[in-house]
Every structure is written in structure tokens, then in C-alpha cells.
Amino acid sequence: MTTQRIRDFLDDRRPDGPCLVVDLDVVRDNYAAYRHALPDTRIYYAVKANPMPEVLELLASMGSSFDCASVNEIKMALAAGATADRISYGNTIKKERDIAAAFALGVRLFAVDAFEEVEKVARAAPGARVFCRILCDGAGAEWPLSRKFGCEPSLATSVLDHARLFGLVPWGVSFHVGSQQANTGAWDGALASAAQIFADMAERGVELGMVNLGGGFPTRYLKDVPSAEAYGAAIHEALMRHFGNHIPETIIEPGRGMVGSAGTIKAEVVLVSRKAENEATRWVYLDIGKFGGLAETMDESIRYPIKTARDGGAMEPCIIAGPTCDSADVLYEKTPYPLPLSLTVGDEVLIEGTGAYTTTYSAVAFNGFPPLATYCI
Ligand SMILES: *Cc1c(COP(=O)(O)O)cnc(C)c1O
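Counting along the sequence shown from 1, when you hit position 47 you're at 295 in this note's numbering, and nothing is skipped either side.
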């Protein structure tokens with residue numbers, strides 16, 4: 249999964265220390281795959297997954313829109329060449345002055361999931377379009393998004409009606425089926441709820457226009473995942489099932505699926521040890537850990553493919569840990585990770601599928617380790 253271009257770059261440049269290399273050709277292919285899989289759906293790239301300027305510029309040039317969660321992300325999307333009408337302020341938790349700043353930058357599309365948030369948007373972004381996020385249980389996702397965002401579908405109608413009363417344009421419904429969602433059918437239940445909200449609003453004389461299908465599209469780690477095409481087909485069928493001949497405007501917000509497969513982290517073995525003479529499981533310490541960008545190993549949720557030049561020989565399950573002096577800095581222990589028996593200090597390892605949710609999670613200088621170095625090629 250590490251592309252030849254990434255291998256060549258690492259061979260030529262031999263960067264010291266851990267680093268992420270992102271192959272923009274893969275991002276380009278991923279964008280094209282979503283375009284093709286859902287031709288009538290607008291793509292709002294979720295900036296938080298990887299906000300490197302080269303990534304944003306490439307996607308902006310290909311016509312992507314952007315899902316932003318803060319004023320800084322909005323500024324990054326604008327700097328990359330997106331116009332404000334291609335930006336959604338998709339965070340349901342915003343300060344009123346940040347809403348005002350986004351409005352001043354031209355943003356007119358905002359997420360809400362509560363009455364108070366509606367009132368903030370109405371004051372700071374008068375007349376804007378809002379969509380209401382509904383809860384989604386995240387079943388089937390490897391990185392579910394809990395109950396932090398969204399309201400019960402039964403409340404959404406009142407929230408959207410509140411928006412209308414306050415002079416906003418109730419524009420649609422959004423949800424997120426959970427990140428790294430392996431089930432292509434996961435959108436069905438939420439789309440049924442969305443269709444019900446559309447019907448309830450129509451009864452109140454309000455015609456909603458848009459369903460935001462969120463992210464959740466996976467990256468291939470150790471297990472195969474369905475193709476973009478398979479997600480597109482399942483989503484299209486669910487839209488027809490619940491909306492019939494009145495399919496609304498739709499948008500998707502892929503983050504992980506857009507950039508995860510485009511990146512590989514190069515790291516180095518710092519120590520291999522056993523805690524007792526005849527202990528079966530070795531400890532392998534790398535120069536990158538939870539605080540260097542691999543935060544999604546939390547609870548061992550995301551299990552990255554790890555490649556070494558010694559693969560093919562005898563393997564043995566290892567506990568893998570990072571280099572910092574925090575005992576939480578262990579990547580895989582509950583389920584030890586098979587690595588070559590001959591693996592030794594100084595060996596290079598490639599951690600694959602790390603283009604999403606790594607650089608931005610990397611600490612600034614915990615224990616003096618610099619933030620994760622990144623290269624776009
Ligand atoms: C994080 C996020 C996304 C991206 O999710 P992925 O699972 O990485 O595709 C999309 N929409 C919203 C609102 C998000 O917060």
C-alpha cells in the first residue's frame with residue numbers, strides 16, 4: 249500500500265526521524281472514485297483529516313468543497329483556492345464570535361443540533377442556511393462518534409422550525425454513520441429518519457433541500473473494505489427507498505477515505521526488549537507513538553499495517569510502544585502485533601494508511617520530540 253513514489257522519496261531523501269509522506273496521486277484517485285461512485289453528490293472534504301496545504305489545493309483544484317470545523321480551517325480552505333460558497337461550517341459547537349467571523353468570510357452554511365446554537369447562528373449569520381445534525385448510533389464503525397453530536401430525529405423538526413422563526417433558511421439534515429464504517433448499509437436507517445424529517449417539515453410548509461451524508465468511508469488497514477462504488481450503490485438505493493422520486497441535493501464529507509490510503513509514516517525501531525528472561529512477548533519501541541501522531545491507536549481501535557524489510561521470515565507477536573515517558577504511550581498491547589523475530593534496533597518500519605488523522609494529532613513537543621514531519625509528493 250506504500251506507493252512506489254513514496255518508497256523512492258524515502259530512498260532518495262532519507263529523512264531523519266519519523267515522518268509522514270503523502271502521495272497526492274492517491275488523493276486524486278480517491279477523489280475521482282467518490283465522484284464516480286456518487287455522481288450527483290457534492291463532495292465536502294473534511295479538512296480535519298489532513299489539512300496540509302498541498303492536499304487542500306489539489307482538492308480545491310478538482311472542484312471539491314470543504315467541511316470545516318473552525319475559523320482557521322475555513323481560512324485554510326479559502327487559502328487553498330475554495331470560494332466561500334464551497335465551505336460548510338460543519339461543527340455543531342461554535343462560539344458566536346467564530347460564527348460571525350465565518351459569516352464575514354462569506355460562509356453561509358452552518359450545522360446546528362440545538363435551539364441555542366440556532367439562535368447564535370441567527371444573530372451572527374443572519375439569513376444563513378442551516379442543517380440539523382441527527383444522532384446516529386455508529387454501529388459497525390471502528391471509530392464511532394458517540395452521542396456528542398446531533399439530536400434525536402424527533403427533535404430535529406423543532407430545531408429546524410426554530411431556525412425558520414429566527415430568519416434562517418432550514419436547509420436540511422445531516423448525520424455521520426461513524427468513522428471507518430465497514431457496513432455499506434449503515435446509511436439506511438439515518439436516511440429513513442431524514443426522510444421523515446423532510447415529510448414533517450413539509451407538513452409545516454417548509455421544503456428542505458439537502459441531506460448531508462457525512463463521512464465514514466473507510467481506508468483499507470489490515471482488512472479489506474468495500475469499494476467507493478459499493479458505498480455509492482448502497483447509498484443510492486437507500487435514497488430511492490426513502491425519498492422515492494424526490495431525491496434531495498446530497499453531499500458527502502469524506503475525510504479518512506479521501507486521504508488515509510495516500511500516506512505512509514516512516515519510523516524507526518529504538519529498542520527491542522523483554523521484561524523477563526523467558527517472557528514470550530517482546531516489547532518493540534518505535535520513534536513514534538500516540539503523541540507523535542498515532543492517537544487513533546487509542547483503545548487499539550485503528551490497527552495500521554506495519555511493514556519492515558525483514559517481512560517474510562519468522563514472526564512473533566510484540567507489544568508496540570512509542571518513545572515518550574508516558575506509560576499511556578503504548579500502541580498495541582491487548583492484541584499484540586506480529587513482527588519479524590529478527591527485527592532489531594535501527595530498523596526502519598513503514599506504518600501504512602496513515603494519511604488521515606495523524607499530523608494534526610501529533611503533540612507540539614512532548615518530551616522534546618518535534619511534531620510529525622510531513623511531506624507531500
Ligand atoms: C470528522 C468528520 C467527517 C469525516 O469523517 P471520516 O469518517 O473521516 O470520513 C465528516 N463530517 C463531519 C461533520 C466530521 O466531524
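Note that CB positions come from ideal geometry on N, CA and C, so glycine has one too.
- When secondary structure is reduced to three states using DSSP, Asp559 falls in the coil class, being assigned neither helix nor strand.
- Listed in chain order, the alpha helix (DSSP H) elements of length 4 or more contained wholly in the region 365-434 are 401-413.
- Ranked by how close their Cα comes to the Cα of Leu461, the residues Asp315, Ile567 and Lys296 have Asp315 in first place.
- Distance from the CA of Ala330 to the CA of Glu365, rounded to the nearest whole angstrom, comes to 26 Å.
- For Val454, same chain residues with a beta-carbon under 8 Å away, outside a window of 5 residues either side, are Leu408, Asp409, Arg412 and Pro418 in chain order.
- Across the set Val517, Glu321 and Leu357, the C-alpha of Leu357 shows the shortest separation from the C-alpha of Val459.
- Where Arg530 is concerned, the enclosing beta strand (DSSP E) starts and stops at Arg530 to Leu534.
- Between Asn339 and Ser318, the beta carbon gap of about 7 Å places them in contact (Cβ cut-off 8 Å).
- Burial check for Arg381: the Cβ neighbour count within 10 Å reaches 16 or more, so the residue is buried.
- Counting C-beta atoms within 10 angstroms of its own C-beta, Glu527 has fewer than 16 neighbours from the protein chains shown and is therefore classed as exposed.
- For a cut-off of 8 Å, the C-beta gap from Phe465 to Tyr479 is around 6 Å, short enough to register as a contact.
- Pairwise C-beta distances place the region 274-286 out of contact with the region 544-564, as fewer than three of them are shorter than 8 Å.
- When the beta-carbon positions are compared, Thr592 and Val517 come within less than 8 Å of each other.
- With 16 or more neighbouring CB atoms inside 10 Å of its own CB, His424 falls in the buried class.
- For Met506, the enclosing alpha helix (DSSP H) stretches over residues Arg504 to Val507.
- Distance from the Cα of Ser475 is smallest, within the candidate group Lys555, Ala285 and Leu268, for Ala285.
- In summary, Pro263 is exposed, with fewer than 16 beta-carbon neighbours lying within 10 Å of its beta-carbon over all protein chains present.
- Per DSSP, the unbroken alpha helix (DSSP H) holding Tyr279 starts and ends at Leu272 to Ala285.
- The three-state secondary structure of Arg290, taken from DSSP, is strand.
- Between the alpha carbons of Pro392 and Gly560 lies a gap of roughly 34 Å.
- For Asp256, the enclosing alpha helix (DSSP H) starts and ends at Gln252 to Arg261.
- In the DSSP assignment, Pro586 falls within the beta strand (DSSP E) that extends over Val578 to Pro588.
- Taking Gly457 as reference, the option from Ala434, Ile495, Leu439 and Glu477 with the minimal CA-CA separation is Ile495.
- In this structure, Ile335 is the residue among Gly398, Ile335, Cys399 and Val269 with its C-alpha nearest to the C-alpha of Ala376.
- 8 Å or more divides the Cβ of Pro588 from the Cβ of Pro565.
- Taking C-alpha positions only, Leu542 is separated from Glu581 by approximately 14 Å.
- Ile500 and Ile291 have their C-alpha atoms some 5 Å from each other.
- Shown here, Pro301 sits in a helix according to DSSP, grouped into three states.
- Per DSSP, the beta bridge partners of Gly511 are Val270.
- CA-to-CA, the gap between Asp273 and Ala515 works out to about 22 Å.
- In the DSSP assignment, Leu439 forms no beta bridge with any residue.
- Scanning its chain for C-beta atoms nearer than 7 Å, with the 5 sequence neighbours on each side dropped, one finds around Met506 the residues Val275, Asn278, Tyr279, Tyr293 and Ala297, in chain order.
- Taking the Cβ of Gly420 as the reference point, every heavy atom of ligand 1 lies at 7 Å or farther away.
- Rounded to whole angstroms, the separation of the alpha carbons of Asp595 and Pro401 is 52 Å.
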